[in-house]
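J.:
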Amino acid sequence: MKLLLKNGQVFQNDQITKQDILIQNDKIMAIGQNLNNLIADIDKEIDLQGKLVTPGLVDVHVHYRDPGQTYKETITTGSKAAAHGGFTTVCAMPNLDPTPDTVEQMQYMQKRNREDGVVNIYQYATITKNRLGKELVDYEALQQAGAIAFSDDGSGIQNAEIMYEAMQRIAKIGSILAEHVEDNNLKQNGVINAGNRANMLKVPGIPNVCESSQLARDLVLAEATNVHYHVCHVSTKMSVELIRWAKQQGINVTCEVAPHHLLLTDDDIKENDSNYKMNPPLRKKEDQQALINGLLDGTIDMIATDHAPHSEQEKSSNLQAAAFGITGSETAFSTLYTKFVKTGIFTLKQLIHWLTDRPAKIFKLKQTGLLLPGYSADLAVFDLQKEHKLTNEDYFSKGVNTPFTNQKVYGMTFLTIVNGKIVYQQ
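Residues 1 to 426 in full-length UniProt numbering are what the sequence shown spells out, letter by letter.
Printed below as a string of structure tokens:
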């Protein structure tokens, strides 16, 4: 198929300029002006009328629940939600049933992701068997079978000896250990951040040290092993300070922040509403500001959604009984653009970098995160001018567990193309 996208505001080489994009089959053939003359017999032409064209967004942290909990999400619904949000490449976490902790299961997931996904899906393998934090997996074999990185996300590894040995082995094969930092002994059955809001709502709180104490341990171990240690969903001021220190020491650490930790604080939890229950929890304003500052000074490398869908039944009860998790694929770009770019806190270029080439480079995703002739035709188009009200009817995900529903936003996805194929069009 030969597809011509005309009159877009194209983000390329750190500039945004009016250009056309010519796509042939699965590749970008050319970016420029008057491209009609380059090739005869264009199959389809779309006039973008000045809408923003970016590389397809990259999300290194999603949960697709398939196999094991397909009532929450499937590979198909999750990847359609990603496409609806402008994401063309995602990395799927391994908290599945069965978990991808063997070569056979990893090969099965690779096949399923290819067949059922409408975006590019890379698969994490687990750090430990069944994510139980006790027995290490065969990292080299799983890497050869296609594992993009290793994570027990949803569970922090409690045993330092297990973590130390996992880091040593993963360092040997040059892969990434992506850790959910959480000390179970300090969680205290909490459901939201410990502090005034938890006290007011009469629910148990999760203290900041639940995250930062285990992170401090891991950074010391990462220095000793020289593993590429990636911190999932950083949420506290102390964590940002620890990562900043570690980078100054030359420790091989990268990290991500989730949109909801940038957009919300525990002050936003006005009542016992489980849509505000996620792990790690929404923190205080000083933590939120530290995350914003961490992005701006380069301490935090990227934004990743931690898209975590649940059924309405699992989210219909109160904070104490409901499941942890919030969806994010379909709301990330628009909410971040509205809150931070339109108000001048971030530039549009910064937001695009944190959602495209930064994660692609750190996770070594080839031909991803940039718009270049010869690269895979993975791109997203956003309407920055039109205001849109988010509703449950908008979502392609099975999960509607988000507090952003009914908010008015700018920057909704107009078009998403993966490998030259239109996978979402408004």
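C-beta: ideal position from N, C-alpha, C; glycine also.
Since L355 and L57 are thought to touch, with beta carbons under 8 angstroms apart, how far apart are those beta carbons, to the nearest angstrom?
T.: Sequence index remark: in the sequence shown, residue 355 carries index 355 (1-based). Sequence index remark: in the sequence shown, residue 57 carries index 57 (1-based). With 8 angstroms as the limit, L355 and L57 qualify as a contact, their Cβ atoms being about 5 angstroms apart.
J.: Which runs of the alpha helix (DSSP H) at least 4 residues long sit entirely within the segment 209-253? Give them in chain order.
T.: If we require 4 residues or more, the alpha helix (DSSP H) runs fully inside the segment 209-253 come out as 209-225 and 237-248.
J.: Could you check whether the segment 392-406 touches the segment 305-315, counting it as contact only if at least three pairs of C-beta atoms, one from each stretch, sit closer than 8 angstroms?
T.: Yes, the segment 392-406 touches the segment 305-315.
J.: Whole-angstrom Cβ separation of L221 and V253, contact assumed at under 8 angstroms?
T.: Within the sequence shown, the letter at position 221 stands for residue 221. Within the sequence shown, the letter at position 253 stands for residue 253. In fact, because the Cβ distance is near 11 angstroms, the residues do not count as touching under 8 angstroms.
J.: Rounding to the nearest angstrom, what Cα-Cα distance links N275 and E393 in this structure?
T.: By 1-based counting over the sequence shown, the position of residue 275 is 275. By 1-based counting over the sequence shown, the position of residue 393 is 393. Taking the straight line joining both Cα atoms gives about 17 angstroms.
J.: Rounded to whole angstroms, how far is the Cβ of L186 from the Cβ of S155, which I believe are closer than 8 angstroms?
T.: Your numbering for residue 186 matches position 186 in the sequence shown. Your numbering for residue 155 matches position 155 in the sequence shown. Between S155 and L186 the Cβ distance is about 14 angstroms, and since that is not below 8 angstroms, they are no contact.
J.: Flag this pair as touching only if the segment 379-386 and the segment 62-80 have three or more C-beta atom pairs under 8 angstroms; answer yes or no.
T.: No: the two stretches stay apart, fewer than three of their Cβ pairs being nearer than 8 angstroms.
J.: Whether or not the segment 31-40 and the segment 1-21 are in contact is what I'm after, with contact meaning three or more pairs of Cβ atoms, one per stretch, closer than 8 angstroms; do they touch?
T.: Yes, since at least three Cβ pairs between the segment 1-21 and the segment 31-40 fall closer than 8 angstroms, the two stretches touch.
J.: Leaving out the 5 sequence neighbours to the left and right, which residues in its chain are closer than 6 angstroms to A246 when beta-carbon positions are compared?
T.: Taking the first residue of the sequence shown as position 1, residue 246 is located at position 246. L219 and V253.
J.: Using alpha carbons as the reference points, say which of L390, I303, L319 and K366 lies closest to E330.
T.: As a working note, residue 330 is residue 330 in the sequence shown. Minimum Cα distance to E330 is reached at L390.
J.: So Q105 is in the alpha helix (DSSP H); what residue range does that whole segment cover?
T.: Position 105 of the sequence shown, counted from the start, is the residue given in the question as residue 105. V103 to D116 is the span of the alpha helix (DSSP H), which, as asked, contains Q105.
J.: Pick out whichever of F340, G68, T343 and T89 has its Cα sitting closest to the Cα of Q105.
T.: To locate residue 105, count along the sequence shown from 1; it is residue 105. Cα-wise, what sits closest to Q105 is G68.
J.: As a quick exercise: from S334, K111, I121 and K44, pick the residue whose alpha carbon is nearest that of N406.
T.: Here residue 406 is taken as the residue at index 406 of the sequence shown, counted from 1. Checking every option, the nearest Cα to that of N406 belongs to S334.
J.: Roughly how far, in whole angstroms, is the beta-carbon of A125 from the beta-carbon of D101, given that I think they are within contact range, below 8 angstroms?
T.: For the purposes of this step, residue 125 is taken as the residue at position 125 of the sequence shown. For the purposes of this step, residue 101 is taken as the residue at position 101 of the sequence shown. The Cβ separation is near 6 angstroms, so the contact holds.
J.: Report yes if the C-beta distance between H233 and I176 is below 8 angstroms; otherwise report no.
T.: Numbered from its first residue, the sequence shown carries residue 233 at position 233. Numbered from its first residue, the sequence shown carries residue 176 at position 176. Result no, Cβ atoms of H233 and I176 do not sit closer than 8 angstroms.
J.: For D152, which residues of its own chain have a beta-carbon under 7 angstroms away from its beta-carbon, when the five flanking residues on both sides are left out?
T.: Translated into positions along the sequence shown, residue 152 becomes position 152. Hits under 7 angstroms: T126, I127, T128, R131, G133 and H180.
J.: With V62 and V90 assumed to form a contact (beta carbons below 8 angstroms), what rounded beta-carbon distance in angstroms separates them?
T.: On the sequence shown, residue 62 is found 62 positions in, with the first residue counted as 1. On the sequence shown, residue 90 is found 90 positions in, with the first residue counted as 1. Going by Cβ atoms, the distance from V62 to V90 rounds to 5 angstroms, so yes, they are a contact pair.
J.: First and last residue of the alpha helix (DSSP H) that includes L64?
T.: Translated into positions along the sequence shown, residue 64 becomes position 64. The sequence given here has Tyr at residue 64, not Leu. That residue, Y64, is in no alpha helix (DSSP H); it is neither H nor E in DSSP.
J.: Roughly how many whole angstroms lie between the Cα atoms of E387 and N196?
T.: Indexing the sequence shown from 1 puts residue 387 at position 387. Indexing the sequence shown from 1 puts residue 196 at position 196. Rounded to the nearest angstrom, the two C-alpha atoms are 35 angstroms apart.
J.: Out of I39, V191, Q248 and M163, state which residue places its alpha-carbon closest to the alpha-carbon of R217.
T.: By 1-based counting over the sequence shown, the position of residue 217 is 217. When each option's Cα is compared against that of R217, the closest is M163.
J.: Judging by CA-CA distance, which residue of R65, D59 and Q24 is the nearest neighbour of E45?
T.: On the sequence shown, position 45 is the one that residue 45 refers to. Out of R65, D59 and Q24, Q24 has the C-alpha closest to the C-alpha of E45.
J.: How many Å lie between M238 and L348 at the Cα?
T.: Against the sequence shown, residue 238 aligns to sequence position 238. Against the sequence shown, residue 348 aligns to sequence position 348. Each residue's Cα considered, the two are about 27 angstroms apart.
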